[in-house]
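**Student:** First to last, the sequence lines map onto chains A and B.
Using numbering that gives the first Met the number 0, read the first sequence as starting at 0 and increasing by one per residue.
Using numbering that gives the first Met the number 0, read the second sequence as starting at 0 and increasing by one per residue.
There are 2 protein chains.
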Amino acid sequence: MSGRPQFDESIVIAAAIDVFKQRGFAAASISDLTEATGLSRSSLYQRFGDKDGLFREVLAAYTERVLQRMNSAQSGTARGRMEATLHAFISDGSSKIAGCLIARSCSEIPELSDGGTAAARKGASIQREFLANIVRQGIATGELAKDTDVDAMAWHYLGVLQAVSNFPKAGAGEAVIKRMIDVAMLAWPAPATN
Amino acid sequence: MSGRPQFDESIVIAAAIDVFKQRGFAAASISDLTEATGLSRSSLYQRFGDKDGLFREVLAAYTERVLQRMNSAQSGTARGRMEATLHAFISDGSSKIAGCLIARSCSEIPELSDGGTAAARKGASIQREFLANIVRQGIATGELAKDTDVDAMAWHYLGVLQAVSNFPKAGAGEAVIKRMIDVAMLAWPAPATN
DNA sequence: TGATTGTTGGAACGATCGGTCCATGATGTC
DNA sequence: GACATCATGGACCGATCGTTCCAACAATCA
Chain A
0 MSGRPQFDES IVIAAAIDVF KQRGFAAASI SDLTEATGLS RSSLYQRFGD KDGLFREVLA
60 AYTERVLQRM NSAQSGTARG RMEATLHAFI SDGSSKIAGC LIARSCSEIP ELSDGGTAAA
120 RKGASIQREF LANIVRQGIA TGELAKDTDV DAMAWHYLGV LQAVSNFPKA GAGEAVIKRM
180 IDVAMLAWPA PATN
Chain B
0 MSGRPQFDES IVIAAAIDVF KQRGFAAASI SDLTEATGLS RSSLYQRFGD KDGLFREVLA
60 AYTERVLQRM NSAQSGTARG RMEATLHAFI SDGSSKIAGC LIARSCSEIP ELSDGGTAAA
120 RKGASIQREF LANIVRQGIA TGELAKDTDV DAMAWHYLGV LQAVSNFPKA GAGEAVIKRM
180 IDVAMLAWPA PATN
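1) How many whole angstroms separate the CB atoms of I176(A) and I89(A), which I take to be in contact at a CB cut-off of 8 Å?
2) Hey, is the segment 44-61 of chain A in contact with the segment 12-27 of chain A, meaning 3+ C-beta pairs nearer than 8 Å?
3) Name, please, each residue of chain B whose Cβ falls closer than 9 Å to the Cβ of S28(A).
4) Just the C-alpha distance for R80(A) and M179(A), rounded to the nearest angstrom, thanks.
5) What does a CB cutoff of less than 7 Å around F47(A) pick up in its chain, not counting 5 residues either side in sequence?
6) When you compare the segment 5-21 of chain A with the segment 56-71 of chain A, are there three or more beta-carbon pairs, one atom per stretch, that lie closer than 8 Å?
7) Can you list the residues of chain B that L185(A) reaches, using a CB-CB cut of under 7 Å?
8) Tell me which residues share the same chain as K95(B) and place their Cβ nearer than 7 Å to its Cβ, disregarding the 5 neighbours each side in the sequence.
9) Going by alpha carbons, who is nearest to T76(A) out of G172(A), G141(A), F6(A), I16(A)?
10) Is the CB-CB distance between S106(A) and N165(B) below 7 Å?
11) Which whole-angstrom value is the C-beta distance of R103(A) and K20(A), which I expect to be below 8 Å?
12) Within 7 Å (strictly less), CB to CB, does S164(A) reach chain B?
13) Check whether the Cβ of D21(B) lies closer than 7 Å to any Cβ atom in chain A.
14) Roughly how many angstroms separate the alpha carbons of V149(B) and D181(A), rounded to a whole number?
15) 7 Å is my cut-off, CB to CB: does D49(B) come that close to chain A?
16) So the candidates are V163(A), S124(A), A169(A); which of them puts its Cα closest to the Cα of L111(B)?
17) Under 9 Å between beta-carbons, which chain A residues line up against A128(B)? List them in chain order, please.
18) According to the neighbour-count rule (16 or more other Cβ atoms, all chains shown, within 10 Å of its Cβ), is H86(B) buried or exposed?
19) Under the three-state reduction of DSSP, which class applies to P167(B): helix, strand or coil?
20) Any idea what DSSP makes of E107(B), helix, strand or coil?
21) Cβ of G170(A) less than 7 Å from any chain B Cβ?
22) So G115(B) is in the alpha helix (DSSP H); what residue range does that whole segment cover?
23) Are there 16 or more other CB atoms within 10 angstroms of the CB of Q161(B), so buried, or fewer, so exposed?
24) Give me the residue from D7(B), A151(B), A72(B), S74(B) with the minimum Cα distance to L43(B).
25) Got a sec: does the ligand NAP put a non-hydrogen atom nearer than 6 Å to the Cβ of D148(A)?
26) At the level of alpha carbons, what is the spacing between R78(B) and W187(B)?
27) If the criterion is Cβ atoms closer than 7 Å, does the pair L130(A) and Y156(A) meet it?
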């Protein structure tokens, strides 16, 4: 109630991420969002314009955050990096809400505005490009054959990444998800006998 | 408007499948459903109880339908069957709505009722069991090693299957999806030199 | 201190939500 | 042909949706 904003924007975004992750865009109500973020309706609309604007900012922030998490596993062989990246999406098992907001948003695309659709596609595209770069590194270091299909490889591991995120909701435990990653890594030629 | 129902139930279900596939459970309104199915509100509530009841029946019918589609590729090697099963989920490119309703529902689980959640999980479980059976066949015929991790393999290919269904929404063309399947099949040891 | 600035809480808007209800009217049975 | 049956169309319900608006208020600057 004063001349300057009374909220920490990054905390607001973080809270909104959780709401959208759990409820999706369509089902997340303004009340849910004000309650979770602590913002009043006025402040929310003042700052973000409307629900769609908030969603777009949330999605962009989430994408950035996810990219940082993926970047945290940068050392080692390309194969090791890919494996570590996938492991980074195993849900903590703790109170965290399962699922990847980008994946969820992509499946919700028919419901989204043009801006929301673009943000979702961009998020998926950034994830995919990150995975593609790991594959390219593998080719550069000789871990992978030069004619490796980078795009197809990236799409495949994006699918696995989304599966890692979402399967806990379908009832998969952490153990079987780790073994699933092992299976997925079979599609990456073994490093040994080259 | 007379003593007996005036609608073809399978057509109603088919229309409702499309609505839920496109909008998801939460965002699909009763108006959407009556409009798409041709049923009046009264008939819809009379026959299915409520929106949740309709959703559960739709999900069950969809699961059955998907299982039939998967069953259509039964001959050949286990590896060939797996490959054909994945190909069966490539969207027609035609007017059909992309995405697998089961996958979509699983990502929406936090929003669903207990019954809806159970139906979604059951659908995913049936798909997974189908894939697991292909893997088991592969083990039985000697295509796969006896210590192959059946569960992990099934989860992996379920992830790929969902990716095949959903990635068109994220902007993937049919060609790259086919190549993605090729990559995924690298996780299935080549049949040749055994 | 007085005027200005700009955020804030909360009331209120029309629209739409899922769900209920009843009068209507065609059908099948006697 | 009179009756009972039952799906049907459409009006209607309270609740909630996204959004707008305004009075109240603290902070800043003169």
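Just so it is clear, CB atoms sit at the ideal spot from N, CA and C, and this is done for glycine as well.
**Tutor:** In terms of the structure at hand:
1) Within the first sequence, the letter at position 177 stands for residue 176(A). Within the first sequence, the letter at position 90 stands for residue 89(A). That belief holds up - the Cβ atoms of I176(A) and I89(A) are roughly 6 Å apart, short of 8 Å.
2) With contact defined as three or more Cβ pairs closer than 8 Å, the segment 44-61 of chain A and the segment 12-27 of chain A are in contact.
3) Here the question's residue 28(A) lines up with position 29 in the first sequence. Those do not exist, as S28(A) stays about 10 Å from chain B at its closest Cβ, beyond 9 Å.
4) Start at 1 with the first residue of the first sequence, and residue 80(A) comes out as number 81. Start at 1 with the first residue of the first sequence, and residue 179(A) comes out as number 180. Our two residues, R80(A) and M179(A), have alpha carbons roughly 17 Å apart in a direct line.
5) Mapped onto the first sequence, residue 47(A) falls at position 48. Correct list, in chain order: L53, E56.
6) Yes, they touch.
7) On the first sequence, residue 185(A) is found 186 positions in, with the first residue counted as 1. By Cβ distance, chain B contributes L185, A186.
8) Taking the first residue of the second sequence as 1, we reach residue 95(B) at position 96. Cβ neighbours of K95(B) beyond the five flanking positions: none.
9) On the first sequence, residue 76(A) is found 77 positions in, with the first residue counted as 1. It is G141(A).
10) Translated into positions along the first sequence, residue 106(A) becomes position 107. Translated into positions along the second sequence, residue 165(B) becomes position 166. It is a contact, given that the beta carbons lie within the stated cut-off.
11) Taking the first residue of the first sequence as position 1, residue 103(A) is located at position 104. Taking the first residue of the first sequence as position 1, residue 20(A) is located at position 21. 7 Å between Cβ atoms; contact.
12) Numbered from its first residue, the first sequence carries residue 164(A) at position 165. Closer than 7 Å to the CB of S164(A) there is not a single CB belonging to chain B.
13) The count along the second sequence starts at 1 and reaches residue 21(B) at position 22. A quick correction: the sequence has Gln, not Asp, at residue 21(B). Judged by the 7 Å Cβ criterion, Q21(B) is in contact with chain A.
14) Numbered from 1 along the second sequence, position 150 holds the residue referred to as residue 149(B). Numbered from 1 along the first sequence, position 182 holds the residue referred to as residue 181(A). Distance between the alpha carbons of V149(B) and D181(A): 12 Å.
15) Counting from one through the second sequence, the residue named residue 49(B) turns up at place 50. D49(B) has a beta carbon lying at 7 Å or more from every beta carbon in chain A.
16) Against the second sequence, residue 111(B) aligns to sequence position 112. L111(B) has its Cα closest to that of A169(A), out of V163(A), S124(A), A169(A).
17) Here residue 128(B) is taken as the residue at index 129 of the second sequence, counted from 1. Inspection of the sequence shows that residue 128(B) is occupied by Glu rather than by Ala. For the C-beta of E128(B), not a single chain A residue is nearer than 9 Å; the gap to the nearest is close to 13 Å.
18) Position 87 of the second sequence, counted from the first residue, corresponds to residue 86(B). Taking a 10 Å sphere around the C-beta of H86(B), we find fewer than 16 other C-beta atoms and assign the residue as exposed.
19) Residue numbering aside, residue 167(B) sits at position 168 when the second sequence is read from its first letter. Helix at P167(B).
20) One-based indexing of the second sequence puts residue 107(B) at position 108. Coil at E107(B), not helix or strand.
21) Counted from its first residue, the first sequence places residue 170(A) at position 171. It does: the Cβ of G170(A) has a partner Cβ on chain B nearer than 7 Å.
22) Counted from its first residue, the second sequence places residue 115(B) at position 116. First-last of the alpha helix (DSSP H) with G115(B): 113-139.
23) Taking the second sequence and counting its residues from 1, the one referred to as residue 161(B) is at position 162. Label assigned to Q161(B): buried.
24) Stepping through the second sequence from its first residue, residue 43(B) is reached at position 44. Of D7(B), A151(B), A72(B), S74(B), the smallest CA-CA separation from L43(B) is found for D7(B).
25) Among the ligands in the structure shown, none appear at all, so the ligand NAP cannot be discussed.
26) Within the second sequence, the letter at position 79 stands for residue 78(B). Within the second sequence, the letter at position 188 stands for residue 187(B). About 7 Å.
27) Walking along the first sequence from the start, residue 130(A) turns up at place 131. Walking along the first sequence from the start, residue 156(A) turns up at place 157. Yes; because the gap between Cβ atoms is below 7 Å, this pair is in contact.
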